[in-house]
Amino acid sequence: MSTFIPSDTNCGVMNCNKTALSEPVPYQDVHVFYLDKGSEDGTLYFKKCPKCKAIYYYNFTLLSNGERISSLKTDNDVVLWFANVGYHKRLMRQLDSDILHKHSGFSNFANADNYFCEKTNIINRKPMDRIHLEKTWLFWRLTHYFDRENINLATPASFEFHYTLMNLREVCRTVFVRRWSSKSHSRYCTKDCSQLLVLDGHQKATRRVCSVKELTTPSRELGTVKVGCHRTPKRGEKNCHEHIFFQEPLTIPLVKKKRKTYNSRRKKKPIRATRFLTCRTLKSKNQQRFLHRTSGIIAAVYNCGYICALQELYGAESISQVYMFLVQIVNEFENTPTVLAYDDACHLVSFIKNAKNFERRTAARKRIDNMTIVCDKMHYKNHVDPRCRRNCSPYNHEIAKRVNTEKTENNEVKLKLVVKEPAKPDVTGNKSGSNQENPRNKSKSEKTWCLCLFETKR
């Protein structure tokens, strides 16, 4: 039986003057999974500071005020955070490699490990659980990522895990944009590095969300933007735990009166050429979206291939959400690109030029106004409006003409392999994408690539 003792010898809490810790005390029995030898039982120890009463566990520190600070030390070989189950670091690194290069999901990895132990007669006292593995891996990657930015990450309890992840979204986005929009990666690129920014939506990466759609998010430039509740409800429920008793207001259907449309000759008023765009590329009204799921993500990619920002879309890929996403990432840019490529550039330009859409003029809005907005070359053929062809053509701008404006589309081809895995027949003749015993036990779409982008450049 293995023993897991914290390597700390002195207290690291401020104003404690590195007080020597007590002798290790056995805390609880744990179950640890290894890569090639199944799983083994062990004993977890802790040390206590006699002065500040801080308790040092194997992978985190419990302060006297109840805060749990995560810590990953190089001499610790096992990751132990939630419940009494841990994983060896070699197994976690193998999972990193399988996700990045084999497009593997957590269910596939756990099932493969259990199958390997069964066929090789390895003593496996407890099968690997996919949900616990997913929680541990997500926090494993987040701890590594925040450690590079010198940010202390609090270790949540098992029942507070999802709530903690939702609260870390804004911090992750800010740190992510600051890291990948800096000039540190420009030495790997050509002279046109970070000169053009490409925006594009990816509708495959969706998740279930609460059915309450009346919530708004504040914006300094736009006031409020209607996005709805972003929390994921329990399986079988429509609303999250905060809106479980929410009832939709009763609406009485009204009979719409048919209104006769008169042509321009009858009205004797010329139609203004600046009122409407004939390009049918507006995505907020082109089709009805499923209200119980998100509308995918929107990604910002440099022309050199670096993904510098990601954000979820709710309801549809509306122009207001795209502009709010653009404002958020422009505030964190070290060097703002001069050209912006978007597949619906004409409607984005019309939205920006309409002063009624804004409440105040900020520094981020001034930066966006100074950017040249063009259509990407792939979707430019769908724009037929004369003003769009004249003002948003990528072939009329020197930088957009010579660089690749389809970088986001190239990255989405790789993302589809991870987001939606095709069903493959197994040795028994059944499809591996289906589970005849209980379809809910197998995740159809495990979106593990979002945190993988912290480790990859392109």
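Taking my numbering, the leading residue of the sequence shown gets 602, the next gets one more, and so forth.
We put the beta carbon where it would ideally sit given N, CA and C, even for glycine.
If you're wondering where the values come from, they're calculated on a predicted model, not measured in any experiment.
query                                                                                                                                                    : result
Determine the contact status of Leu-673 and Phe-710, defining contact as a CB-CB distance below 9 Å.                                                     : no
For Val-985, does the three-state DSSP call read helix, strand or coil?                                                                                  : coil
Using three-state DSSP, classify Lys-649 as helix, strand or coil.                                                                                       : strand
Suppose you measure from the CA of Lys-939 to the CA of Cys-909; what does that come to, to the nearest Å?                                               : This sequence places Thr at residue 939; Lys is not what is there. Roughly 15 Å separates the two Cα atoms.
Indicate the three-state DSSP secondary structure (helix, strand or coil) for Glu-1022 in the structure shown.                                           : Since pLDDT at Glu-1022 reaches only 45, below the 50 mark, its modelled position is unreliable, and no value is offered.
Nearest CA to the CA of Asn-936: which residue from Arg-779, Leu-816 and Lys-839?                                                                        : Arg-779
Mind checking which residues open and close the alpha helix (DSSP H) that includes Phe-710?                                                              : 707 to 720
Using DSSP's beta-bridge definition, name the partner residues of Lys-805.                                                                               : Partner(s): none; Lys-805 has no beta bridge.
For chain D, find out if any of its Cβ atoms is closer than 9 Å to the Cβ of Val-776; answer yes or no.                                                  : Any reference to chain D falls outside this structure, which holds one protein chain only.
Counting C-beta neighbours from all protein chains within 10 Å, is the total for His-893 16 or more, i.e. buried, or is it exposed?                      : exposed
Kindly indicate which three-state DSSP category Asn-997 falls into: helix, strand or coil?                                                               : helix
Report the residue from Ser-795, Val-799 and Phe-777 whose alpha carbon sits nearest the alpha carbon of Glu-750.                                        : Phe-777
Under 8 Å Cβ to Cβ from Thr-756, same chain only, skipping five residues before and after it: list those, please.                                        : Asn-660, Phe-661, Arg-669, Ile-670, Ser-671, Trp-682 and Phe-740
In its own chain, which residues sit with a C-beta less than 7 Å from the C-beta of Ser-623, not counting the 5 before and 5 after it?                   : Lys-648, Lys-649 and Pro-651
Using 10 angstroms around the beta-carbon of Asn-904, count the other beta-carbons present and answer buried if the total reaches 16, otherwise exposed. : buried
Within a Cβ cutoff of 7 Å, which residues of the same chain sit near Pro-834, ignoring the five residues on either side of it in sequence?               : Arg-809, Cys-811, Asn-840 and Cys-841
Please classify Ala-956 as buried or exposed, where buried requires at least 16 neighbouring CB atoms within 10 angstroms.                               : exposed
From which residue to which residue does the beta strand (DSSP E) around Leu-734 run?                                                                    : Where Leu-734 is concerned, there is no enclosing beta strand (DSSP E), although the alpha helix (DSSP H) it sits in stretches over 731 to 749.
Any idea if Gln-629 is buried or exposed, counting beta-carbon neighbours within 10 angstroms, 16 or more meaning buried?                                : exposed
Cα separation between Glu-1007 and Asp-977?                                                                                                              : 7 Å
Let me check one thing: in DSSP terms, what residues is Thr-1060 bridge-paired to?                                                                       : The requested residue 1060 does not occur in the structure, where the chain is confined to residues 602 to 1059.
State the DSSP-derived secondary structure class of Asn-616, mapped to helix, strand or coil.                                                            : coil
Exposed or buried, Glu-822, counting other C-beta atoms within 10 Å across all chains shown (16 or more means buried)?                                   : buried
Per DSSP, which one or two residues make a beta bridge with Thr-833?                                                                                     : Thr-833 is not bridged to any residue.
I'd like the span of the alpha helix (DSSP H) that includes Arg-779, first residue to last.                                                              : 770 to 781
For a test of the three-state rule: what should DSSP assign to Arg-966, helix, strand or coil?                                                           : helix
Tell me where the alpha helix (DSSP H) around Cys-947 begins and ends.                                                                                   : 946 to 954
If you draw a straight line from the C-alpha of Val-679 to the C-alpha of His-689, how long is it?                                                       : 4 Å
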